[in-house]
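Numbering (my numbering), first residue to last: 11 to 464.
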């Protein structure tokens with residue numbers, strides 16, 4: 011009998027962590043950090059609801075922190091198994107976790123508390139990684155097999171097809187991870203699966219239909235032109251992986267094709283700059299059009315007027331640069347990184363414009379700006395929000411509801427008997443379950459820690 015339980019991203023978006031058990035074997039799909047409201051800290055610091063020493067494998071869908079961010083804690087608490095993912099995911103995870111460990115150490119020192127994990131935990135953890143390729147069966151100790159498929163979400167992202175012998179037959183279980191908002195301007199499209207006994211599917215944007223890529227680029231162009239005409243500052247909070255690269259790609263096209271006048275632009279994130287380097291090393295994962303651009307000599311992540319700022323002094327200097335200007339800085343939810351510093355200095359200016367291009371978890375500064383709060387606290391100071399705040403959804407790297415439904419509808423030979431809906435705010439997940447449940451397929455929004463049989 012195969013048992014499935016959820017230990018994160020369960021009636022919430024972050025903290026992805028699912029546990030599969032069969033024949034005495036235990037393994038995880040993802041082990042992410044909780045982000046957002048104050049209870050996220052308690053979630054991250056509390057003990058796992060399973061014994062990390064008993065986990066033999068972790069299968070990692072991609073390198074976003076809400077999917078990989080607690081791996082070093084898992085190691086610190088006794089995990090000594092293997093972590094499997096694509097090569098690009100491994101490389102991105104390493105830079106993400108090293109950066110996180112440094113931030114966690116600083117915060118722990120300031121609060122006089124034990125850090126969640128340390129740099130040595132990350133380095134020791136990375137020695138446990140093994141990689142596999144898309145669309146090829148990977149046999150795990152002759153116990154079961156897995157086929158990674160391209161999720162089209164970020165570079166190296168995968169959804170997993172598990173083939174597990176159980177009760178006299180082979181059962182197929184699919185974990186979606188995060189599904190991509192295809193087509194992407196850079197990476198390949200989301201693949202489709204065909205048939206399963208059970209599916210675990212994300213629901214971040216269930217109930218939502220994204221605007222088209224064309225509409226999103228038009229809004230980006232209008233925001234840059236508006237900043238120029240008002241001699242203001244356009245601030246774009248970005249996630250280090252995929253969001254950064256997609257927006258740079260579109261800005262590169264606009265600048266080089268005279269869609270916007272040249273204006274000083276800054277990528278103010280050392281981590282995002284490292285991620286760009288990893289993207290450049292993995293051109294084989296690009297779609298055909300992006301590979302063609304690179305082959306013709308176009309640096310799709312750089313253009314005249316763009317400055318990469320790595321050091322703290324370079325970051326501070328941005329605020330002395332003449333306006334108009336455009337600042338891209340992490341994090342995408344406006345928590346951590348260099349973005350709070352820029353927001354603190356610019357939110358009170360009515361000529362400033364904050365362009366949100368990512369999902370905003372409840373409780374984050376980004377969510378407060380999205381919800382229209384007129385006063386926010388940044389670094390302990392109350393800041394008036396006079397700047398314009400707007401949203402572009404087309405740059406989301408998550409599939410919207412029509413894309414998720416299309417992906418599920420292709421899983422039909424056979425139709426899954428159970429679909430578990432995770433990685434979504436509770437109301438969205440429950441509403442989505444009502445749309446996909448049929449007499450043939452039971453739609454389940456799981457409870458945290460409850461064990462389900464497959």
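We put the CB at the ideal spot given by N, CA and C, even for glycine. Just so you know, these numbers come straight off a predicted model, no measurement behind them.
*For residue 102 versus residue 68, is the C-beta distance shorter than 8 Å?*
On the chain shown, residue 102 is found 92 positions in, with the first residue counted as 1. On the chain shown, residue 68 is found 58 positions in, with the first residue counted as 1. Their beta carbons are not under 8 Å apart, which means residue 102 does not touch residue 68 by this criterion.
_Contacts around residue 28, its chain only, beta-carbon distance under 6 Å, and the 5 residues preceding and following it disregarded_ = Locating residue 28 in the chain shown gives position 18, counting from the first residue. Excluding sequence neighbours, residue 28 sits near 16 and 39.
*For residue 97 versus residue 136, is the C-beta distance shorter than 8 Å?*
Numbered from 1 along the chain shown, position 87 holds the residue referred to as residue 97. Numbered from 1 along the chain shown, position 126 holds the residue referred to as residue 136. For residue 97 and residue 136, no; Cβs fall outside 8 Å.
*Could you check the C-alpha separation between residue 49 and residue 255 for me, to the nearest Å?*
Taking the chain shown and counting its residues from 1, the one referred to as residue 49 is at position 39. Taking the chain shown and counting its residues from 1, the one referred to as residue 255 is at position 245. At residue 49 the pLDDT is 49, less than 50, meaning the model places this residue with poor confidence; the figure from the coordinates comes in the next sentence. Roughly 31 Å separates the two Cα atoms.
*Closest residue to residue 273 among 198, 368, 336 and 324 (Cα-Cα distance)*: For this step, residue 273 is matched to residue 263 along the chain shown. Checking every option, the nearest Cα to that of residue 273 belongs to 336.
*Please classify residue 28: does DSSP put it in a helix, a strand, or coil?*
Numbered from its first residue, the chain shown carries residue 28 at position 18. In this structure, residue 28 counts as strand in the three-state DSSP scheme.
*Taking the alpha carbon of residue 174 as the point to measure from, which residue in 60, 193 and 154 has its own alpha carbon closest?*
Within the chain shown, numbered from 1, the residue matching residue 174 stands at position 164. Here the closest residue by C-alpha is 154.
*Would you check if there are 3 or more beta carbon pairs closer than 8 Å linking the segment 328 to 343 to the segment 240 to 251?*
yes
*Is it the case that the Cβ atoms of residue 156 and residue 172 are separated by a distance below 8 Å?*
As a working mapping, residue 156 is identified with position 146 in the chain shown. As a working mapping, residue 172 is identified with position 162 in the chain shown. Taking 8 Å as the Cβ cut-off, residue 156 and residue 172 qualify as a contacting pair.
*With 8 Å as the threshold, decide whether the Cβ of residue 241 is near any Cβ in chain C.*
Given the protein chain composition of this structure (a single chain), no chain C is represented.
*Who pairs with residue 429 in a beta bridge, going by DSSP?*
The residue labelled residue 429 in the question sits at position 419 within the chain shown. Beta-bridge pairing links residue 429 to 209 and 453.
_Simplified DSSP assignment, three categories, for residue 11_ = In the chain shown, residue 11 corresponds to position 1, counting from 1. If DSSP states are grouped into helix, strand and coil, residue 11 belongs with coil.
_Contact belief for residue 198 with residue 262 at Cβ below 8 Å, rounded distance in angstroms_ = Position 188 of the chain shown, counting from 1, holds the residue named residue 198. Position 252 of the chain shown, counting from 1, holds the residue named residue 262. With a Cβ gap of about 19 Å, residue 198 and residue 262 do not count as contacting.
*Since residue 339 is in the alpha helix (DSSP H), which residue starts that stretch and which ends it?*
Looking up residue 339 in the chain shown gives position 329. Where residue 339 is concerned, there is no enclosing alpha helix (DSSP H), although the beta strand (DSSP E) it sits in stretches over 335 to 339.
*Decide if residue 202 is buried, meaning its Cβ has at least 16 other Cβ atoms within 10 Å, or exposed.*
Along the chain shown, read from residue 1 onward, the residue named residue 202 stands at position 192. Burial call: exposed.
_Less than 8 Å between the beta carbons of residue 421 and residue 184, yes or no?_
To locate residue 421, count along the chain shown from 1; it is residue 411. To locate residue 184, count along the chain shown from 1; it is residue 174. Their beta carbons are under 8 Å apart, which means residue 421 touches residue 184 by this criterion.
*Own chain, CB closer than 8 Å to residue 269, minus 5 neighbours either side, in chain order*: Residue 269 sits at position 259 when you count from the first residue of the chain shown. 231 and 263, listed in sequence order.
*Could you please give me the residues that DSSP links to residue 385 through a beta bridge?*
In the chain shown, counting from the first residue as 1, residue 385 sits at position 375. 394.
*Can you tell me whether residue 432 is buried or exposed, with buried defined as 16 or more other CB within 10 angstroms of its CB?*
Against the chain shown, residue 432 aligns to sequence position 422. Buried.
*When you compare only the Cα positions, how much space is there between residue 90 and residue 61?*
Taking the first residue of the chain shown as 1, we reach residue 90 at position 80. Taking the first residue of the chain shown as 1, we reach residue 61 at position 51. Looking at the two C-alpha atoms, the distance is approximately 12 Å.
*Kindly indicate the opening and closing residues of the alpha helix (DSSP H) around residue 243.*
Locating residue 243 in the chain shown gives position 233, where the first residue counts as 1. It is not in any alpha helix (DSSP H) - residue 243 instead sits in the beta strand (DSSP E) that spans 243 to 247.
*If you draw a straight line from the C-alpha of residue 380 to the C-alpha of residue 177, how long is it?*
Along the chain shown, one-based indexing puts residue 380 at 370. Along the chain shown, one-based indexing puts residue 177 at 167. In a straight line, the C-alpha of residue 380 is about 50 Å away from that of residue 177.
*Grab me the residues of residue 412's own chain with a C-beta within less than 8 Å of its C-beta, minus the 5 sequence neighbours each way, in chain order.*
Against the chain shown, residue 412 aligns to sequence position 402. Contacts found: 219.
_Top-ranked residue by Cα proximity to residue 181, from 59, 80, 425 and 362_ = By 1-based counting over the chain shown, the position of residue 181 is 171. For residue 181, the nearest C-alpha among the options comes from 425.
*Can residue 41 and residue 84 be called in contact, C-beta distance under 8 Å?*
Mapped onto the chain shown, residue 41 falls at position 31. Mapped onto the chain shown, residue 84 falls at position 74. The answer is yes: Cβ separation under 8 Å.
*Check residue 151 in the structure and name its three-state DSSP category.*
Translated into positions along the chain shown, residue 151 becomes position 141. In this structure, residue 151 counts as coil in the three-state DSSP scheme.
*Between which two residues does the beta strand (DSSP E) carrying residue 170 extend?*
One-based indexing of the chain shown puts residue 170 at position 160. Run containing residue 170: 168 to 176, per the beta strand (DSSP E) assignment.
*Using 8 Å as the threshold, is the segment 392 to 404 in touch with the segment 354 to 364, meaning 3 or more CB pairs across them?*
yes
*Counting along the chain, where does the beta strand (DSSP E) carrying residue 139 start and finish?*
As a position in the chain shown, residue 139 is number 129, starting the count at 1. That run of the beta strand (DSSP E) goes 139 to 141.
*Cβ-based burial, residue 389 [other Cβ within 10 Å; buried from 16]*: To locate residue 389, count along the chain shown from 1; it is residue 379. So residue 389 counts as exposed.
*Where residue 106 sits in the DSSP three-state scheme*: Numbered from its first residue, the chain shown carries residue 106 at position 96. Of the three classes helix, strand and coil, the one that applies to residue 106 here is helix, per DSSP.
*Classify residue 85 as helix, strand or coil using the three-state DSSP reduction.*
Numbered from 1 along the chain shown, position 75 holds the residue referred to as residue 85. Correct three-state label for residue 85: helix.
*Candidates 72, 77 and 114: closest to residue 95 by CA position*: Counting from 1 along the chain shown, the entry for residue 95 is found at position 85. Closest option to residue 95, Cα to Cα, is 72.
*Start-to-end residues for the beta strand (DSSP E) that takes in residue 182*: What you label residue 182 is simply residue 172 of the chain shown in a count that begins at 1. Per DSSP, residue 182 belongs to the beta strand (DSSP E) from 179 to 185.
_Assumed close pair residue 300, residue 195 - CB separation to whole angstroms, cut-off 8 Å_ = If you number the chain shown from 1, residue 300 lands on position 290. If you number the chain shown from 1, residue 195 lands on position 185. That pair is a contact at about 7 Å.
*Might you give, ordered along the chain, the residues of its own chain that have their beta carbon closer than 6 Å to the beta carbon of residue 310, omitting 5 neighbours on each side?*
Position 300 of the chain shown, counting from 1, holds the residue named residue 310. Counting only Cβ-Cβ distances below 6 Å, and skipping sequence neighbours, we find 259, 262 and 303.
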